[in-house]
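Here's the structure we're looking at; comments come further down.
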Amino acid sequence: MKNIRKTIILLLLAFFSFLRGYAQEETIITGRIVDKADKTTIIGANIIEYDSEDRVVSGTTSDVNGNFVYEMVDPSNTVKVSVIGYATQTIEVDPSKPIVVELSSDDIAIGEVTITAEARTSNRLTNVAERDDASSTVKIDLVEMQDAGITSAADALQGRVSGLDIISASGDPGAGSQLVIRGLGSMSGSSPLIVIDGIPQMKVSSAQLDLSSANQEDISELVNIALQDIKSIEVLKDAASTSIYGSRGADGVLLIETHKGRMGAVQFDYTFKSSVNIQPDQIPMLNGDEYIMLQLEEWHNSQGVFDIPPEIAYDRDFDDFYNYSANTDWIGAITQTGFTQDHFFNISGGGEKTRYYTSFSYVDEGGTTINTSSKRFSTRLNLDYFLSRKLFFSIQFNYNRNAREGNVTPWGRSNVRSIAYRKAPNMSIWEYDHEGKPTGEYFSPINSYQGSGASYYNPVALAELGYDNSLSNSLQNTFILRYTINDLLTFNETVTYQYNGSKSEAYIPYNALGVDWLDMDVNQAEEGNNISSSIKTESTLSINNPFKNEDHSISGTIGWLTEQQYSEWLNIQSNKLPSVDLQDPAITGQIRYIGSGLGERRDLSGLANVNYKFKDRYLFNANFRADANSAFGINHRWVTFYGVKFGWRFASEAFLDSWDWLGNESRFIVNFGKAGRQPSDTYARFATYESTGTGVYITNPAIVPTSIQLSNMMAESVYSYDIGGELYLFNDRIYMQGQFYDKVTHDLLFTGYAIPSSSGFGSLRYLNAGKLRNTGWDFMADGTVINKRDFRLAFNFNISHNVNMFTELPNNFVTERDVSVGNGQYPKRVIEGEAIGSFFGFRYLGVWPSDEDVKAYDEEGNILVDSEGVPVPLSYLGTYNFKGGDAIYKDLNYDGVIDLNDVEYIGDSNPDYIGGFGSNLRYKNFDFSFSFHYRLGFDIVNGVAISTEGMGDRNNQSKAVLNRWRVQGQDEEGMLPRAYLNHPCNNLGSDRYVERGDFIRLNNIKLGYRFKKEFCDKLGIRNATLAMSARKLMTFTSYTGQDPEVGVAGGDPFWMGVDNARTPPSKIVTFTLSVGF
Amino acid sequence: MKGMKMKVKYIVLAILLAVQYSCSEWMELLPPGGLIREEFWKTKEDVNAVLMGAYESFASMDGTLFQFGEMRADMLTDDINLGGTQRNIMEGNIYPENGMSNWSGFYRIINYTNEVIKNAPLVQEIDDTYTDYQLKSVMSEAYFLRSLAYFYLVRIFKDVPLVLEPTESDDSEVYFPKTDGDMVLDSMILDLEQNRQFAPTEYNTLEEYRGRATKAAYDALIADIALWKFDYEKVIKHVEYIEANEEYEIMPNDLWFDIFYPGNSLEGIFEFQFDMANGQQNSVYGMTQRLSYSYDPSQKALQMFAPEYGAAELIRGQNSSIAKYGEDDFIVWKYVGREPDGISVRTGIEQTSANWIVYRLADVLLMKAEALSQLERYTEALNILNEIRERADVPPLTLPNSKIAFEDAIMEERALELAFEGKRWFDLLRMGRRNNFARKADLIEVIIQNVPSTQKRILATKLTNPLGWYMPIQESELEHNPALVQNPYYKF
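Chains A and B are the protein sequences, given in the same order.
Numbers in the working numbering are just positions in the first sequence, counted from 1, shifted up by 119.
Numbers in the working numbering are just positions in the second sequence, counted from 1, shifted up by 46.
Below you can see the structure in the form of structure tokens.
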């Protein structure tokens, strides 16, 4: 028991040391608070230090065992202990021994009621103490992670939480991450609900608006509150717990808790971070000379004798000779080292009546692609005010401004980085005249050797001259009122207003693209505005434990929630603006598109929950929630959700008392529940009528029905069963938790579900059908190996395993799509019992060494002959006969023809195991930590290799193609097929491009130093720390592409993971200085 | 004082709660723009608008009707620009993947008409200004369009799903099996006969009179379906109703081309109206105009119309039905020209404004002739035949009293009179089906004309199965509807 206390003490110390500085000669008092009458321990008593003028300096509260440890700011101050129902008592300060404080009960209640907030979860809806909630949750304390070079909450969680898969969407500044809890469970995109201080964050809901690009950034926008403001993030994984969030809870919930003001003198903290962002090494590409050689070979192999195009002919008389004789490193030319500066400042403190916490943060992040950056400003205010013993109110205000600069991608074309990979390296960035003198212009010909200038634009010119910038402002204001009616009942009212406004501006000048003045893409400007807002109210009545008998404890909540969301958007695109200096689409250009839309949705919810505990060992929680949503079909206006949870703190049982090594908090839990996921389209349920194409017949107005009413559209339902437990071992030095789960999504929301056209319609906009199952387990462990005052060493590890499969497909679901085969194409299939994200393709077996070697074989390995005994030529689709130097594909059905029938399962994009591990070492004033993130057992289609190793077109290729077949009879290990312009089948979707994606990555590594107290005192500051950290420094993987962290697309049943040359996450080295005073 | 304060607090709390509870209609959020069912079907104008939507959608299928009526027959040949979809059909390579086997256009119209038939009576209960007469007349138009759509479907696909209720919500039945084509037509005949009495006899404008269902249009459709079903008495009866109507007259021979330009002639019984000024553009112009290089008159058509190929047609010949552009370059002229001179093309907003004529008097008269001859009333039949020929300024025929002789003569006359009007293939099918496929071989002979010579024999053998004369159900439709069974001819 004593050791548990010690651990807690140390943990608290660790916590406080951050806020207060690590003092060498501190006055630490420890003790226990008990009831004078029956000697039972008192939990949550306030231990407050007062200065000579009776002002509150600082304080702490007693823990679950009534113990407390407190470091005094000034040993000469007085310390008082208070708790509701007891008389306040001043204690004698004696650091040398534990103090036992006996409080006598007192009818006069005292104002300090903050303890309830501490003991309960940050979830106002459940009214249960964290330790009594039988949920599968993981709570990550962010305080200790602040010094690492992390820029978002998603970064902080990556690899830290079992069962939570986080994939950085892209290394571009400000780009978001994808978060998937316990596997893909939806057809309409999975992303967890984010709840900040009890307020569910608004997701941009689409009202017929096309914000497809906004989806990925949603989460980052939401979590874009300054990282330093976040105190902890709790991840709710099981539907039993998330069911309290009803139709939003299906994808799990992230509960983010921000710092609040604490009682004590005013404190200032300032943190400065400076980072260098370095792009990982690029895939080595051919230089200009190698490229020309390859092109000549492609022409020769496909055409035999040919006229050499002047661009690759080494013809000094060719006008553009100098423009096509370069050795340009296009990727290098658009890549830069990014620098990030992060300033954070906060003020916090408070007295008996008011507590405040306010912060300002400014992050200026430079991207690793030229002209990409993100500048974020955010401020937060948490103000708590105790009006009286019974009445409390709190105001939370948060404002964010995010200005992002990016490279523009012309509509329907590839992005800058992807073009840089493909662009011919013998072309120069700058234009030269026929004498080789630079003209000062970018070289953007209307037609280049590779194709039209608009498709094969000059990526440097586009990155430099064009832009796609956005500015978003978001605001959240929350008002909370709590009224303690009596000992039994507490009323809570929360009103939240959220506003998001964003504006985007893009511009493509004519000289960045190679186009003439008549082209649609000349001087193209686009501007978009998007506003969304929501008002939420939450009224709850909490019922507190009425029992005086300690054996029973019951609590609960009933609540009523409303929400209104509103969004509108406007988009305007113009082209042919008269000058490159005029970049506003509203200026006399040619309007190409103007669109606008708006949408509204409303939610009503009722909820109730009850928590019962017997003998502090047997836990029971039940909750129920009913949601109505204006988007749901008329037959399913109300959808109900529930969760039932059981817990057993078995270690407290008498028969296990002898097991000293087993901590009392160890418990076993079982729960099951149902949570939901809303359809995103607000008005999809309505049958609509629209004018026909012309709108009239003869001269009479003509209107026709255009969509079917969806009376049955409803939320997707996720049913999950969880069984698991938590173990505290060896005086809490080792903590383990693990769960097995079975999660089945019913009534998956399929979009655009095809129905027989004899109905008069092609599809239903949404259909709830089918089942998708995710089963698996999560495990995590923390261990403290050495735990001394000056030397502490701890490890953490987590792993999870998930298997995902369709267990039921909707009736008449067409399980194949893109059944055609061809270069770079993978036929797509969905199979009942198989995971989403399975790949199908050909088996690649190498390269035919010579024409004579090409033979078709039968099952026995004999040469395949026709009825007249003539050998059957091995062909592709019967139209092309393979030759030496061509790729060998496995002829699965031994018919001598490579076609769709030779396609088989070749991989799966879902990882078998995900997780992370790390360690934390503290020695005297130094601390050192590192953490790894891993994803194992999944395959990636290397989309970059498809386009850089195919040698069938005029795109630049990677250095890998230097090892290619060139002459008859050449047979080398690992050589690639021959170069051949427009080869019909040398680059088919095959396992040649499917690679194991497994990786283990050193996500964070950090070395910190905390200045000694004397040194701080000399400077007149409270504390100071220095840290160096690095992020994503090393990756261990066999994947040959640039980055194996490939995103998932939950919305598409035919999804597969393809690596498409997006900016890989950069390596970030960060220097941090923080000062408190 | 303290009690007072408490009271205030409770009142505030009560108001807060009340505000949240008081919104019973709060969840009924309607879309800010656009019409929805909840706001529709309130007035007779709504009913009319959907009916017009059905007309307009049907009209926009003119290209489809043209192709189904001519593609597999012998009057058209393909030119270089024709897509593979159509070319495959013309060459007899028909597979369920073929895009033309998509029947969704017809069913879209059927759904629109089903909406009208179901909702119009409900609207009358709300709209006090909606008279019984108006209701019945609008519904009769909907029945007409639905029957016409099914008649096309049965002639193209044979057995098709019979959908008579609108698809309103995701509760509606959508997985319909096929119904026997004859039963579909029986059901349509029944609807038509019951509603004929309500069919309008007058409209305010000429365009509406020729472009919307009238009693005469009803009679023409009933006669056509009855002829398809070989119910000759019914054909004669309904054609005689039209003959009795003084509104319809055979156009004089010097005004024959007026039937097509400007259209809506005295002869027109039902024509889908096109007027580019209103944005209504036909598709046949694009398919037949000179530069489209899609469809050209076939060798047989040239022999019928071009003097250099021996044709004796004066009124309906070269420069009217077809026109010659340079050496051996002929085009279909009916939808392209504005004079029977082979030179004056439609220009400006008239370019794609030619109506799609579904029924005209010459057509129904020839239907009657066919019925009469099948009933061995040869003299009356010959009179009609020669009336049509006289108008075309070609010499009258004398025919032996034989059904086959008359059938051949009438088929030929229809090909001349109604060339490229989407009739020929259905006429041939009718001939092939008659008397238990007695003249099947003649039809097959026509079908294999366009087929490459190497395949003629194989196809001719295969097509002895009459199911091969109909289109397959499209592959994707079969995938989406498990209740459907493919036409056995296409099950390989």
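Positions of the beta carbon are idealized from the N, C-alpha and C atoms, including for glycine.
| message | Please state the DSSP three-state secondary structure of residue 313 of chain A. | response | strand
| If contact means a Cβ-Cβ distance below 9 Å, which residues of the region 707–736 of chain A contact chain B? | Within the region 707–736 of chain A, the residues whose Cβ lies closer than 9 Å to some Cβ of chain B are 716, 717, 718, 719, 720, 721, 722 and 723, listed in chain order.
| So residue 425 of chain B is in the alpha helix (DSSP H); what residue range does that whole segment cover? | 424–437
| Which runs of the alpha helix (DSSP H) spanning at least 4 residues fall entirely within the region 146–205 of chain B, listed in chain order? | 150–172 and 178–203
| request: Have a look at the DSSP bridge pairing and note the partners of residue 652 of chain A. | output: A:618 and A:685
| said: Per the DSSP calculation, residue 474 of chain A is bridged to which residue(s)? | reply: A:469 and A:503
| In the structure shown, what three-state DSSP assignment does residue 457 of chain A receive? | strand
| message | Since residue 1175 of chain A and residue 1024 of chain A should fall inside the 8 Å C-beta cutoff, what is the C-beta to C-beta distance between them, to a whole number of angstroms? | response | That belief does not hold up - the Cβ atoms of residue 1175 of chain A and residue 1024 of chain A are roughly 12 Å apart, past 8 Å.
| said: residue 407 of chain A and residue 67 of chain A - do their beta-carbons sit closer together than 8 Å? | reply: Chain A is shown only over 120 to 1196; residue 67 of chain A falls outside these bounds and no answer can be derived.
| said: What ranges does the beta strand (DSSP E) occupy inside the region 286–346 of chain B, keeping only unbroken runs of at least 3 residues that lie completely in it? | reply: 314–318 and 341–343
| request: Pair every Cβ in the region 539–558 of chain A with every Cβ in the region 495–508 of chain A, then say whether three or more of these pairs are closer than 8 Å. | output: no
| message | Out of B:232, B:152, B:382 and B:429, which one is the CA nearest neighbour of residue 337 of chain B? | response | B:382
| message | Could you compute how far the alpha carbon of residue 322 of chain B sits from the alpha carbon of residue 394 of chain B? | response | 9 Å
| Closest to residue 843 of chain A by CA distance: which of A:598, A:520, A:769 and A:1160 is it? | A:769
| message | Quick check on residue 414 of chain B: does DSSP put it in helix, strand or coil? | response | helix
| query | Are the beta-carbon atoms belonging to residue 169 of chain B and residue 158 of chain B less than 8 Å from one another? | reply | no
| Rounded separation between residue 1092 of chain A and residue 917 of chain A - CA only | 40 Å
| said: In whole angstroms, give me the CA-to-CA distance for residue 701 of chain A and residue 587 of chain A. | reply: Approximately 15 Å between the Cα atoms of the pair.
| field | C-alpha distance - residue 1034 of chain A paired with residue 403 of chain A, whole-angstrom precision | value | 31 Å
| query | In whole angstroms, what separates the C-alpha of residue 924 of chain A from that of residue 1027 of chain A? | reply | 11 Å
| query | Given residue 524 of chain B, which residues of its chain have a CB within under 8 Å of its CB, disregarding the five upstream and five downstream residues? | reply | 142, 530 and 532
| query | Where do the ends of the alpha helix (DSSP H) carrying residue 505 of chain B lie? | reply | 502–508
| query | Does the beta carbon of residue 209 of chain B sit closer than 8 Å to a beta carbon anywhere in chain A? | reply | Contact of residue 209 of chain B with chain A is assigned, a C-beta pair being separated by under 8 Å.
| residue 1177 of chain A to residue 1163 of chain A span [Cα, whole Å] | 10 Å
| field | Residues that residue 1150 of chain A bridges to, as DSSP identifies them | value | DSSP output for residue 1150 of chain A lists A:1123 and A:1187 as bridge partner(s).
| query | Below 8 Å between beta carbons: does that hold for residue 896 of chain A and residue 865 of chain A? | reply | Not a contact, by the Cβ cut-off of 8 Å.
| request: Say yes only if the C-beta of residue 317 of chain B is nearer than 7 Å to one or more non-hydrogen atoms of the ligand FAD, and no if none qualify. | output: This structure simply doesn't include the ligand FAD, nor any ligand for that matter.
| said: Is there a Cβ of chain A sitting closer than 8 Å to that of residue 95 of chain B, yes or no? | reply: yes
| task | Look up residue 259 of chain A in the DSSP assignment and say whether it is helix, strand or coil. | result | strand
| query | In angstroms, rounded to a whole number, what distance separates the CA positions of residue 535 of chain B and residue 319 of chain A? | reply | 60 Å
| task | With 8 Å as the threshold, decide whether the Cβ of residue 86 of chain B is near any Cβ in chain A. | result | yes
| When we look at the beta-carbon of residue 531 of chain A and count the other beta-carbons within 10 Å, is it buried (16 or more) or exposed? | Counting Cβ neighbours within 10 Å, residue 531 of chain A comes out exposed, since fewer than 16 surround it.
| query | Between A:300, A:892, A:651 and A:733, which lies nearest to residue 716 of chain A when the distance is taken from Cα to Cα? | reply | A:651
| With a cut-off of 8 Å, does the C-beta of residue 824 of chain A fall near any C-beta of chain B? | Chain B contact via Cβ: present.
| said: For residue 219 of chain B and residue 162 of chain B, what's the separation of their Cα atoms in angstroms? | reply: 18 Å
| task | Could you tell me which residues DSSP pairs with residue 531 of chain B in its beta bridges? | result | Paired residue(s): none; residue 531 of chain B is not in a bridge.
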